[in-house]
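Asks: Just so you know, we're using this note's numbering here: the sequence shown kicks off at 21 and counts up by one.
Here a beta-carbon is modelled for each residue, glycine too, at the ideal position from N, C-alpha and C.
Quick caveat: nothing in here was measured; it's all calculated off a predicted structure.
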Amino acid sequence: MKAIVVHEFGGPEVLKLEEIPTPRPAAGQVLVRIRAAGVNPYDTYMRNGTYAIKPPLPYTPGSDGAGDVEAIGEGVNKVKRGDRVYTAKTLTGAYAEYALTLETQVQPLPAKITYAQGAGVWVPYGTAYHALYQCAQARAGETVLIHGASGGVGVAAVQIARAIGLTVLGTAGSEKGLELAKREGAYHVFDHSQSGYFEQILKATNGRGLDLILEMLANVNLGHDLKLLVPHGRVVVIGSRGDVTISPRDLMTRRGSIHAFTLWGVTEAEEKEIHAGLIAGMENGTLRPVVGKELPIAEAPRAHKEILESGAYGKLVLVP
Ligand code: NAP
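Written out as C-alpha cells, the structure is:
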C-alpha cells in the first residue's frame, strides 16, 4: 500500500510517500481502507519531534481517518467488512491507503457524512465536545467566545455551542473565515488580526463580558481573555504555541478559572460519551464537518505547511 512514512523528525520534507506492506488485522483489530485522512496541527508538532508524544521511527502520521472496513481480526463484532467508519486514533497511521486500528478506535460513520467530512471528526469535534461539555460544563443561555472559530476545532465548537443554546461569538483572521464562523452559527464575528477587537467583543456583550472562552492560541490571547470574563467565568485553553504572561488579579477579582487539557488524556468513559454525542449530532444534522480543502496524500508536505498558515477554513484533508 501507499503510505506517508517519517524516517527522521524534521520539516515537512521528511513526509515521504512510500510503498509499504499492507498490515493484516490480528485478534481485536480492524483494517480500514482509508478514503480520507484529516490533517491536524499536532501532526506537524509530532513530525518535528517537539510534541509531548514522540512516536518510534519510522512512523506514519494521522489519527483521523474515514473509510470502509476492509477486514477484521478474530473476536471483532462491533463492525464488519464494508462498514463505513471514522477512526479515533490508529495503530499504524491514517496518512495511508489502509490503517490498522483497535476495535475500540473505529466508530460508525453516519450515512449523511462524507468520507472527507469523516476525516474531520475525531480531533476537531472530540476536542470541541470535551471543551464545552466535559471541561467547562457549558449551559444553554451562556455566552461563549470561540477564539479561532474558522479552523477545525473552532467550526466544531461553533456548531455544538449553537446547537445547545449558547450565544456564540467567534474570531477569525480572514474574510472567508469570518463568513464561515457566521454561517456555522456565530452571532457576532471579530477579526483577531485587527487591533481593538477585544473592545468590540466587550461592546457586543453590552459590556457584560463572557461566561466562557475557548482559546486556540493562548500564548497570544490568554492575558486579554481574563479581562473579558464575567464573575465565575472560565477559559478553556485548547491550543498554545508558546509562553504568556497573565495578571492573576484578573482571575482573582472575578473568581474565574482556567481549564486546559489535551485530547490524549480523556478517559475511556469520556471518549465513549464523546462518540455518542458526536454521532447523534451528525445523524440529526447539527454537526456538519466543513472540508475546506482536499489534497492528494502525496502533497502531505504542502498540507503540513498550510495547516500552520493563517486563513483557516474548516478542515484540510488528504486523499490516498
Ligand atoms: P486549525 O484548523 O489550523 O485552525 C487554527 C485556528 O486558530 C484558526 O481558526 C485560526 O484563525 C486561529 N488563530 C490564528 N491566529 C489566532 C489568534 N491570534 N487568536 C485566535 N485564534 C487564532 O487548527 P485546529 O485544529 O482548529 O486547532 C486549533 C489549535 O488547538 C491548534 O493550536 C491545535 O494544536 C490545538 N488543538 C489542541 C487540542 C487539544 O487536545 N488540546 C486538540 C486539537 C487542537 P485564522 O486562520 O482565521 O487566522
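1. How far does the alpha helix (DSSP H) with I258 in it reach, from first residue to last?
2. Note down the Cα distance separating R275 from G85, rounded to an integer number of angstroms.
3. Taking the beta strand (DSSP E) that Y149 belongs to, which residues open and close that run?
4. Does the structure place the stretch 38-57 close enough to the stretch 69-86 that three or more beta carbon pairs sit under 8 Å?
5. Would the C-beta of M66 count as close to the ligand NAP, meaning under 7 Å from any of its heavy atoms?
6. Taking one C-beta from the stretch 149-160 and one from the stretch 122-140 each time, how about it: are there three or more such pairs within less than 8 Å?
7. Can you name, in chain order, every residue of its own chain whose Cβ lies under 7 Å from the Cβ of G243, other than the five neighbours on each side?
8. Tell me, please, which residues DSSP counts as bridged to Q179.
9. Which runs of the beta strand (DSSP E), 3 residues or longer, sit entirely within the stretch 170-248?
10. Would you call M272 buried or exposed, if buried means 16 or more other Cβ atoms sit within 10 Å of its Cβ?
11. Using a 10 Å radius around the Cβ and a threshold of 16 neighbouring Cβ atoms, would you call L77 buried or exposed?
12. From I40, V209, G334 and V188, pick the residue whose C-alpha is nearest to that of R308; which is it?
13. Can you tell me the Cα-Cα spacing of E204 and Y135, whole angstroms?
14. Could you compute how far the alpha carbon of P340 sits from the alpha carbon of M302?
15. Does the distance from the C-beta atom of T121 to that of V52 stay below 8 Å?
16. Identify, in the order they occur along the chain, each residue of the same chain with its Cβ nearer than 7 Å to the Cβ of L37, setting aside the five sequence neighbours on each side.
17. If you follow the beta strand (DSSP E) that E314 is in, where does it begin and where does it stop?
18. Please tell me whether, using a cut-off of 7 Å, the distance from the CB of S170 to the nearest non-hydrogen atom of the ligand NAP is below it.
19. Please work out which residues of its chain come closer than 8 Å, Cβ to Cβ, to L189, disregarding the five sequence neighbours upstream and downstream, and give them in chain order.
20. State the Cα-Cα distance for the pair R322 and R269, rounded to the nearest angstrom.
21. Per the DSSP calculation, K292 is bridged to which residue(s)?
22. Within 10 Å of its beta-carbon, does P251 have 16 or more other beta-carbons around it, so buried, or fewer, so exposed?
23. What are the partner residues of E94, as DSSP defines its beta bridges?
24. Within this structure, are the beta carbons of L237 and S213 separated by less than 8 Å?
25. Once the 5 residues before and after H27 are set aside, which same chain residues still bring their CB inside 8 Å of it?
Replies: So, from the listed chains and residues:
1. The count along the sequence shown starts at 1 and reaches residue 258 at position 238. Run containing I258: none; DSSP gives neither H nor E here.
2. Walking along the sequence shown from the start, residue 275 turns up at place 255. Walking along the sequence shown from the start, residue 85 turns up at place 65. Using only the alpha carbons, I get a separation of about 41 Å.
3. Looking up residue 149 in the sequence shown gives position 129. Segment W142 to Y149 is the alpha helix (DSSP H) holding Y149; no beta strand (DSSP E) there.
4. yes
5. For the purposes of this step, residue 66 is taken as residue 46 along the sequence shown, with counting starting at 1. Result no, Cβ not under 7 Å from the ligand NAP.
6. no
7. On the sequence shown, residue 243 is found 223 positions in, with the first residue counted as 1. Closer than 7 Å at Cβ, skipping near neighbours: V264, T265, I266 and S267.
8. On the sequence shown, residue 179 is found 159 positions in, with the first residue counted as 1. Per DSSP, none; premise fails for Q179.
9. 187-192, 208-211 and 230-235
10. Numbered from 1 along the sequence shown, position 252 holds the residue referred to as residue 272. Flag for M272 reads exposed.
11. Translated into the one-based positions of the sequence shown, residue 77 becomes position 57. Flag for L77 reads exposed.
12. Here residue 308 corresponds to residue number 288 of the sequence shown, with the count starting at 1. Closest by alpha carbon: G334.
13. On the sequence shown, residue 204 is found 184 positions in, with the first residue counted as 1. On the sequence shown, residue 135 is found 115 positions in, with the first residue counted as 1. Computed Cα separation, rounded: 20 Å.
14. As a first step, residue 340 must be located in the sequence shown, where it is residue number 320. As a first step, residue 302 must be located in the sequence shown, where it is residue number 282. Roughly 24 Å between the two C-alpha positions.
15. The residue you call residue 121 lines up with position 101 of the sequence shown. The residue you call residue 52 lines up with position 32 of the sequence shown. In contact: T121 and V52 (Cβ atoms closer than 8 Å).
16. The residue you call residue 37 lines up with position 17 of the sequence shown. K22, I24, I317 and A318.
17. The residue given as residue 314 occupies position 294 in the sequence shown. Counting along the chain, the beta strand (DSSP E) containing E314 begins and ends at V311 to P316.
18. Position 150 of the sequence shown, counted from the start, is the residue given in the question as residue 170. S170: yes, Cβ under 7 Å from the ligand NAP.
19. As a position in the sequence shown, residue 189 is number 169, starting the count at 1. Excluding positions up to five away in sequence, the list reads T163, V164, L165, I166, A206, Y207, H208, V209, F210, I221, A224, T225 and L230.
20. Along the sequence shown, one-based indexing puts residue 322 at 302. Along the sequence shown, one-based indexing puts residue 269 at 249. Answer to the nearest angstrom: the Cα atoms are 43 Å apart.
21. For the purposes of this step, residue 292 is taken as residue 272 along the sequence shown, with counting starting at 1. Looking at the DSSP assignment, K292 forms no beta bridge with any residue, so it has no partner.
22. Taking the sequence shown and counting its residues from 1, the one referred to as residue 251 is at position 231. It is exposed - the Cβ of P251 has fewer than 16 other Cβ atoms within 10 Å.
23. Counting from 1 along the sequence shown, the entry for residue 94 is found at position 74. Partner(s): none; E94 has no beta bridge.
24. Indexing the sequence shown from 1 puts residue 237 at position 217. Indexing the sequence shown from 1 puts residue 213 at position 193. No; because the gap between Cβ atoms is not below 8 Å, this pair is not in contact.
25. Along the sequence shown, read from residue 1 onward, the residue named residue 27 stands at position 7. Only V34, K36, L77 and P78 meet the Cβ criterion.
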